[in-house]
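Residue numbers (full-length UniProt numbering): 1 to 109.
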């Protein structure tokens, strides 16, 4: 129970830095990479949490101005899937690569 509370406390701290748009893009990229639908939420959450952590540690701005559900609401229900995905760096790298190539196609196509 304490572990879950610590996780939720950390999510509350990171909440303003979790970008719901990034989460959605990562979820779509995960699904395009043939990740199962249930697993796509965990993979997308892992990508969003990783980015939020990086921004938080670097003192970057929050994404509180971005419309949509806030951090905890975006990833809170997928903690186990996120933990699983964080231990699968190849999957996360593939999703990030897909997101980058899709973004390039949209901006340059």
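Using N, Cα and C, we set each Cβ at its ideal position, and we do this for glycine too.
With distances taken between CA atoms, residue 101 lies nearest to 26 out of 17, 26 and 11. When C-beta atoms of the segment 30-43 are compared with those of the segment 3-16, fewer than three pairs fall below 8 Å, so the two segments do not count as touching. Judged by DSSP secondary structure, residue 81 falls within the alpha helix (DSSP H) whose first and last residues are 79-86. By the 16-neighbour rule on beta-carbons within 10 angstroms, residue 65 is exposed. Between residue 47 and the set 1, 12, 13 and 78, the nearest pair of CA atoms involves 78. Going by C-alpha positions, residue 63 is about 11 Å away from residue 56. Non-local C-beta neighbours of residue 74 in its own chain, meaning closer than 6 Å and more than five positions away in sequence, comprise 18, 20 and 23, ordered along the chain.
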